[in-house]
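The structure appears right after this line, and notes come after that.
Residue numbers (my numbering): 12 to 161.
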């Protein structure tokens, strides 16, 4: 689902299989006044299809290149760790910044995510106000401070 925005070419792509987490994150992003389009996929295989413009995502208009990926680790079909590994092995995709946004606070998940090239690791809170704070960090750092690749 995309939210239209005519003033910004930034596109967020979120990969998360939990509908409740998706809804919480989408609402938090809106509350943080992030207005760029947000596309959501629900597993690692769908994410790879989106990025490679295959299957349902063959039309570039339906799958604009993301400026930033918010990636959950615990997903079906292809988990987030495998997705990250594949992304970093693909020359046309490896420059897309990836923020891990997951419920896991395990040291091994954090370490392996950074070792595989994650740009940031954030633990997904369950409370809405805390998720808004996370969304505000995403906005201030990733959307207002750093320059994302074209």
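Backbone N, C-alpha and C fix where the C-beta goes; we use that ideal spot for every residue, glycine too.
Check: In terms of alpha-carbon separation, which member of 73, 21, 159, 47 lies closest to residue 58?
Finding: 73
Item checked: Beta-bridge pairing of residue 80 - partner residues as DSSP gives them -> 24, 109
Margin query: Is it buried or exposed, residue 92, if we count other Cβ atoms within 10 angstroms and call 16 or more buried?
Written below: buried
Check: Roughly how far, in whole angstroms, is the beta-carbon of residue 89 from the beta-carbon of residue 67, given that I think they are within contact range, below 8 Å?
Finding: Their Cβ separation, rounded to whole angstroms, is 16 Å, which puts residue 89 and residue 67 out of contact at 8 Å.
Next item on the list: Report buried or exposed for residue 137, applying the criterion of at least 16 other Cβ atoms within 10 angstroms of its Cβ.
Entry: exposed
Checklist line | C-alpha distance - residue 39 paired with residue 151, whole-angstrom precision | finding: 14 Å
Next item on the list: Determine the extent of the alpha helix (DSSP H) in which residue 62 is found, giving its start and end residues.
Entry: 55 to 63
Next item on the list: For the beta strand (DSSP E) holding residue 52, just list the boundary residues, first then last.
Entry: 49 to 52
Check: Between which two residues does the alpha helix (DSSP H) harbouring residue 122 extend?
Finding: 118 to 126
Check: Relative to the alpha-carbon of residue 113, which residue among 120, 83, 121 has its alpha-carbon at the smallest distance?
Finding: 83
Checklist line | DSSP three-state assignment for residue 133, whether helix, strand or coil | finding: strand
Note to self: Within a Cβ cutoff of 6 Å, which residues of the same chain sit near residue 108, ignoring the five residues on either side of it in sequence?
What the structure shows: 79, 130
Notebook entry, point to check: Which two residues bound the contiguous alpha helix (DSSP H) that contains residue 94?
Noted result: 91 to 100
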